[in-house]
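Read top to bottom, the protein sequences are chains A and B.
Read in my numbering, the first sequence has 229 at position 229, and its numbers run on one by one without any break.
Quick note, my numbering runs 565 ahead of the 1-based positions in the second sequence.
Okay, so here's the structure we're looking at.
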Amino acid sequence: MFSILKPYKIWIIGLVIAALVGNGVNLVLPKIIASTIDSYNAGNYSLKTLVISFLVASSLIFIFTYLQSILQTYASEKVAKDLRAKISDKISQQSYSYVLKANPSKLLTNLTSDVDSIKMFVSQAVATIISSFFVIIAISVIIIHLNWKLALPILAIIPIIGGTFFFVLGKVKVQFKRSRENIDRLNRTINESIMGSSLIRVINSQSIEFEKFLTVNTSARDIGMAILRMFAWLIPIIVFVSNIAVIVILALGGHFVVQGSMSVGDFAAFYSYLALLIFPILMIGFMSNIIAQASASYRRISEVLNAPVIVAEGKDESTLTGKIEIQEVSLNYGDKPVLKNVSFVVGAKSHTAIIGPTAAGKSQLLYLLSNIIKPASGKILFDGKSIDTYDCNTFYKQIGIVFQDSVIFNLSLRENIAFSGEASEEAIQKAIETAELKEFVDTLPAKLDTVVSERGSNLSGGQKQRIMLARALVLEPKILLLDDFTARIDRKTENKILCNIENNYPHITIVSVTQKIASIKHFEKIVLLMEGEIIAEGTHKELLETCPEYVQVYNSQRSTSHYEL
Amino acid sequence: MNYNLNKQKEEGKNASTFSSLKMFLALIKEEKKTLWFAFFFIILNAFLSLFGPYFIAHTIDTYVAAKNYHGIMLNALILLAIYIVAFGANYLQMILMGGVGQRMLFSLRNAVFNKLQSLPVDFFHQNKAGDLISRINNDTDKLNIFFSQSLMQFIGNIITMLGSAIFLLTLNFPLGLAALVPAVLIWIFTKSTSPWVKRRNALNLKSVGALSGEVQESLDNYKVIVAFNRRDYFRKKFEEANEDNYKTSVDAGISNNIYLPVYSFAANIGQLIVLGLGIYLITKGAFTIGLLIGFIAYVNNFYFPLRHLAGLWANFQVAMAGWDRIRKILNLENNLTVVENKVQEENPAYIEFRDVSFTYPNGKEVLHHINIKLERGKTYAFVGPTGGGKTTMASLIARLYDTSKGHVLLEGRDIRSFEADERTRKIGFILQEPFLFSGTVRENILYGNENLQAYTNGQLAKLIHESGLETLLGRFEQGLDTQVFTTGDSISLGQKQLIAFMRAVLRKPELIILDEATANIDTITEKLLSDILLKLPASTTRVVIAHRLNTIENADEIFFVNSGKVTPAGSLEDAVNMLLHGKRAS
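Set out below in structure tokens:
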């Protein structure tokens, strides 16, 4: 873990130096007190020397402790910022399936709490531990020098306190782990209650959610109490042990003073040094805990940072004609096969529909075509060349995909539509008109510059889907992949949109996943997908003659078909 | 109603401190007895540890100076006895105060969660999910750190300080007074800088919330980012948030760290004053060496906890900034309260809209003077262009919102006069966006259904068979025991809609609303769903919002909803005509 500090060497060195100087000067103070008392006893006391030496020492301490804190703030925040940038950079190179598998909420924890505990390590532990060791050693040397016979029994408290820490923290560690897991559960309960807020209010299940929360919160409290019960021993034992040292100084030191082998000033200094000695021991103890937490976090972060990235090696920047071949493609979700040996061809500039029941693997097929997931086996060819040979920049500029679920970013409508970057005003207008959004946009106060909210809750379902469509069209794509995008759009608008696409984007290849046969009846090819397998493919007419399953689907919609245009 | 937490107006300074304190006190009401015990042990412990230096000073002056070793040993033994008692008191103070802290946090979290549950849907629409989550997780955690680690030390340190101050003043009043002068300066310094420090911490917490909001948005929408080749979008947005967070963190860190050096400096000056003045007093014969050593120990006892408080003070400021953010949630009130019923109709329709208008918080009126009646046992369809107000009407029936003008009547009574429990038992609403809790399919379809909770899988299977839901359940690999998750693509949108459908049907509502609830389900399965709906008791009223015509062909009456107005359509054909030719504004 210490390796992350390497690039910040200069910061860390500065930090340690400031800490050492600050703490070093701190050690001089008791010495000044002792010599003042002794010099008074000896009759050569000077107020001026006292004031000057004390003020100089105090000012130095002030300057260096503040310097230390500024340095540690900068260093730790820099480490945190760079680490976050590194993680987000890494995540942004990853595939969609990686993000799904790694779980967005876990990645969020990596970017926030895990980075925070490393930040804590840098800001508190590094300098504190080094300067604490320094102080302990320095004080040991000083008091041994003052009177080694008294010093040795005093120093015996170091292993005792160290041992207590070791023992208690060892026991508490298990609880800490439980506590962490419980916090995760707590967060999940809160998150679900926020994301499912509408459902909860429709069902009036607030009390159920509260019960869930109460259970987790109660165990959070119990774990907290278990940790407390152990920690409650820690401080009293340490205080008691250091008090024993006080008694030892009194009894043994008193003995030496009585004997005449020690001055009263030195005797007083021992008390001051004892007070200075306890603090760093405590600090090391507490820091060991921070280090343990930070190294656990670092392990989790390393997992993300070390995950292999599938580098897109494709260099081919050629223009797509729109011809797609899917050859013996299989896909699994966990152990569950989603697509089994699927093969079909989409002709250039043709219109192909994929229909089939819920959970047949239709959406996954579109994901494969847009290369956001990879098949377990089989090939996907564009113009006869594997999808992976294409340069992803040019590839994605030629593929427009409209997902089933609406994704609206917290940006202006313009930025949402021109999401892929460069888009001319003309292209935007054309896309908006095609998606039948013009009227809606005109009703907005700031037109295209209206900022829409995160979950798009101030937009209706159909408006969101049309924005998604405009986002895909603005690319002027060669291939348009549509995933059930008209599910929430009324029939009239749907027909208009389909018409608009054909008129405004005449040479486009369309692959459309849909439930409605009526709107795709005239497509060149219809593929019927069921449970991951192709049941049949052909034109509407062919399928009606050859495929009973298709006829069944058709009949389920036919009762209203006489209303079609 | 303004529920946006980032736009809540700030209260007056005094009012906020006062109400903060009041809320805190409410949280510790039950802890009075424990607190008294804890205070007793804290004071005992502080007294005993303060007594130590005095006792040592006394020993030095009387026995060490007199070279009486027997006396030294005797006092050492007495000291040992004192320390043993102090040990016990120390332990008890820890365990008692720590317990109070843990229980306080427990009640606080409960209070926040409870409040969250009591707020209407509007609240969740006006705030970013990421920001809310950060507020509750991150900010309560800040309070947690304060309660579980700092509070006890805070109190202990303050008492030690007070005790030391008293000892200093009683041992030698002028010298004690002089020793405390730097403390007054510290007090002034702290008082004048605290608001600034708190503000910086508040800014920092805000940027932390923004950061997690950014991550949440990008990661949840990752597939769009990949498919539109905008990996740089995530990087760029994150970079901005990260940079902002860095700046506010550095600002907060530097201001939090100002206290320790200042306090240490003051402590040292205190020592200097005691030493210089003490020696002067000794030369005057008004003081002794032993007392001087003891006095220096007390000055340390006074300033050392103060230094400690410096560290804790920053924690305290962070906790207060977090508390302010949480308090904004606690201060919100649900505006959807149960009111007294003022209308009681004879032979009422099941649902009636009486001159209903509705305006969203952003000022956009989406429904204008709607008057419709829905009779028991009939099937109604709402059709019309998107954005026309269909979902809003459904939301008003389910009382997710209240009308801006006019009334919604349920069984002839103002819908606002029903208790939530009764109302939601009557009305089943299948939302446009299905939501699943992490768990099994069984848990999800029985969610909120107390009657069926105790059913064994066997009994449930029987019920499902009787309700005709069997085929739907067959769409899940492991039936009732299939694991589902809130996020991710492990099950399709269509499957989620199936679960939401089963959940609603098993609750046997009197009115069932399907808000495009089957939009992503294939037409054959959808047919099955309409058959299941037909199997519901004859008295069940059904409201279907859909775009597919075959979904609504069984409707007894069709309402055409457009631009916030409702027109009854005589027949399906009529409705289609309106859809195709009617003026549209969406």
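Where a beta carbon is used, it is the ideal one built from N, C-alpha and C, also for glycine.
Computed from a predicted structure; not experimentally measured.
Rounded to a whole number of angstroms, what is the C-alpha to C-alpha distance between D816 (chain B) and A18 (chain A)? 20 angstroms
Cβ separation of L111 (chain A) and R84 (chain A), assumed to be a contact under 8 angstroms, to the nearest whole Å: 6 angstroms
Top-ranked residue by Cα proximity to F523 (chain A), from A:M225, A:P375, A:C499 and A:L155: A:C499
Could you please give the first and the last residue of the uninterrupted beta strand (DSSP E) stretch that includes R919 (chain B)? I916 to T924
Proximity below 8 angstroms, CB of L901 (chain B) to CB of P685 (chain B): yes
Measure the C-alpha to C-alpha separation of E192 (chain A) and G695 (chain B) and round it to an integer number of angstroms. 12 angstroms
Is G378 (chain A) close to chain B? Criterion is C-beta to C-beta, closer than 8 angstroms. no
With a floor of 4 residues, list each alpha helix (DSSP H) that falls wholly inside the stretch 396-479 of chain A, ordered by position along the chain. 413-417, 425-434, 438-443 and 461-473
Rounding to the nearest angstrom, what Cα-Cα distance links G663 (chain B) and T924 (chain B) in this structure? 50 angstroms
Would you tell me roughly how many angstroms separate the C-alpha atoms of Q1048 (chain B) and G1039 (chain B), rounded to the nearest one? 14 angstroms
Between Y396 (chain A) and N786 (chain B), which are expected to be in contact by the criterion C-beta below 8 angstroms, what is the C-beta distance as a whole number of angstroms? Between N786 (chain B) and Y396 (chain A) the Cβ distance is about 16 angstroms, and since that is not below 8 angstroms, they are no contact.
Integer-rounded CB distance, given that V126 (chain A) should sit under 8 angstroms from L15 (chain A): 7 angstroms
Under DSSP, the beta strand (DSSP E) around Y333 (chain A) begins and ends at which residues? I324 to Y333
C-alpha distance - G24 (chain A) paired with V135 (chain A), whole-angstrom precision: 7 angstroms
Got a sec: which bits of the stretch 232-248 of chain A sit with their beta carbon under 9 angstroms from any beta carbon on chain B, in order along the chain? A232, W233, L234, I235, P236, I237, V239, F240, N243, I244, V246, I247 and V248
Could you give the DSSP three-state label for E930 (chain B): helix, strand or coil? strand
Per DSSP, which one or two residues make a beta bridge with E1138 (chain B)? Partner(s): none; E1138 (chain B) has no beta bridge.
Outcome for G456 (chain A) when other beta-carbon atoms lying within 10 angstroms are tallied against a minimum of 16: No answer about G456 (chain A) holds up, because its pLDDT of 49 lies below 50 and its placement is not dependable.
Going by C-alpha to C-alpha distance, which of A:E533, A:I526 and A:I281 sits closest to Y554 (chain A)? A:I526
Mind checking whether I819 (chain B) and I10 (chain A) have CB atoms under 8 angstroms apart? no
Can you check the stretch 937-1014 of chain B for any alpha helix (DSSP H) of at least 4 residues that lies completely inside it and give the ranges in chain order? 955-962, 985-991 and 1006-1010
Do the CB positions of I139 (chain A) and L276 (chain A) come within less than 8 angstroms of each other? yes
Relative to the alpha-carbon of P153 (chain A), which residue among A:D266, A:V246 and A:R221 has its alpha-carbon at the smallest distance? A:V246
So is V257 (chain A) in contact with chain B if we call contact Cβ pairs under 8 angstroms? yes
With distances taken between CB atoms, is the gap from L932 (chain B) to G954 (chain B) smaller than 8 angstroms? yes
On the DSSP letters alone, give me the boundaries of the beta strand (DSSP E) that M530 (chain A) sits inside. K525 to M530
Where A232 (chain A) and F881 (chain B) are concerned, what is the direct C-alpha to C-alpha distance, given to the nearest angstrom? 21 angstroms
On a CA-only basis, which of B:W888, B:A963 and B:F732 is nearest K707 (chain B)? Give me that one, please. B:W888
Secondary structure at V16 (chain A), three-state DSSP: helix, strand or coil? helix
Please confirm if M225 (chain A) has its CB atom under 8 angstroms from at least one CB of chain B. yes
Taking the DSSP output, what are the residues bridged to P1133 (chain B)? B:F1124
Nearest chain B C-beta to D449 (chain A) closer than 8 angstroms, yes or no? no
If you draw a straight line from the C-alpha of K385 (chain A) to the C-alpha of T1083 (chain B), how long is it? 39 angstroms
Rounded to whole angstroms, what is the Cα-Cα separation between L305 (chain A) and R299 (chain A)? 10 angstroms
With distances taken from CA atoms, which of B:Y811, B:A792, B:N810 and B:L784 is nearest A799 (chain B)? As written in the sequence, residue 799 (chain B) is Phe, which differs from the Ala given in the question. With distances taken between Cα atoms, F799 (chain B) lies closest to B:L784.
Quick one: list the residues of chain A neighbouring N655 (chain B), beta-carbon separation under 8 angstroms, in chain order. I235, P236, V239 and F240
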